[in-house]
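Right, one structure below, let's go through it.
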Amino acid sequence: GQNIDQPTEMTATEGAIVQINCTYQTSGFNGLFWYQQHAGEAPTFLSYNVLDGLEEKGRFSSFLSRSKGYSYLLLKELQMKDSASYLCAAPFGSGYNKLIFGAGTRLAVHP
Amino acid sequence: SAVISQKPSRDICQRGTSLTIQCQVDSQVTMMFWYRQQPGQSLTLIATANQGSEATYESGFVIDKFPISRPNLTFSTLTVSNMSPEDSSIYLCSAQGSGDPETGYGYTFGSGTRLTVV
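Note that the protein sequences, when read in sequence, are chains A and B. FYI, in this note's numbering the residues of the first sequence are 1 to 111. FYI, in this note's numbering the residues of the second sequence are 112 to 229.
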């Protein structure tokens, strides 16, 4: 079966660093996605990891360990606009075309 | 990535009625999907909309309740049938077109339809 776990809520202070963790169990593996979703809006793509290690994209970085079934999203220099839900997702199905999502982590950034 | 227009953006419906949600993509895409997102929760895949054939439903979702059409490579509809208050949710259309890892392999989402059943 497929299962993705991530914390429900996190809070952080403006300017700080926050790490959002995601653990996954999937039959087969074809990468891991991170999406950002502001309330009432569509999810938007942040990152995709298929190999172990850290991928850095400006203030956002994503890490993957395939042997541990673990990923994290690292947000640096937090801004108020980073308050959103962060969704971890993995492809599944015979063609790995479908996405299964974790429950999402609601991040609240405070001044 | 493709851009998705989804309508209506919200609706309030009476129980027992049906609502059809439309999803229009600005370019031809290989795959189209429908998700449900209940308040404060993540996305659950309802079905894959297949062009020219019956949709493929995930466990817990059936065609009689959620009939789906996909007449071409840019358009799909989801109908929520015989609605009850438990169907109150956000329904999102998604598409996968061409794309590389840097752009998330072309997965994109509509802004969703917020449905309230009273």
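Where is the CB? At the ideal position from N, CA and C, for every residue including glycine.
CB contact below 9 Å: residue i versus chain E
i        : result
GLY171/B : Checking the listed chains, one finds no chain E in this structure; the protein chains it contains are A and B.
Under the three-state DSSP convention, the category residue i falls into
i        : result
PRO91/A  : strand
LYS57/A  : strand
LYS81/A  : helix
TYR216/B : helix
GLU9/A   : strand
ASP137/B : coil
ASP198/B : helix
PHE172/B : coil
TYR96/A  : coil
THR159/B : strand
Cα-Cα separation between residue i and residue j, rounded to whole angstroms
i        : j        : result
LEU75/A  : LEU32/A  : 17 Å
VAL140/B : PHE60/A  : 29 Å
THR185/B : PHE92/A  : 23 Å
GLY1/A   : SER27/A  : 6 Å
TYR72/A  : SER62/A  : 6 Å
GLN25/A  : SER180/B : 32 Å
VAL50/A  : PRO111/A : 35 Å
THR188/B : GLY15/A  : 43 Å
Sequence-distant residues of its chain with Cβ nearer than 6 Å to residue i (five each side left out)
i        : result
TYR216/B : GLY210
SER129/B : THR190 and SER192
ARG225/B : ARG121 and ILE201
GLY104/A : SER85 and LEU87
Extent of the continuous beta strand (DSSP E) to which residue i belongs
i        : result
ILE17/A  : No beta strand (DSSP E) contains ILE17/A, which DSSP labels as neither H nor E.
HIS110/A : 105-110
MET142/B : 142-148
ASN183/B : 179-183
VAL191/B : 186-191
ASP122/B : 121-124
Beta-carbon contacts of residue i that lie in its chain and below 7 Å, excluding the five residues immediately before and after
i        : result
ASP82/A  : LEU75, LEU107 and VAL109
PHE172/B : ILE157 and ALA158
ALA206/B : ALA113, ILE115, VAL136, VAL140, MET142, MET143 and THR219
Close-in-space but distant-in-sequence residues of the same chain around residue i (CB under 8 Å, 5 per side omitted)
i        : result
ILE174/B : GLU165, ALA166 and TYR168
PRO196/B : ARG126, VAL228 and VAL229
Answer yes if the stretch 140-150 of chain B comes into contact with the stretch 159-174 of chain B, meaning at least three C-beta pairs across the two stretches below 8 Å, and no otherwise.
yes
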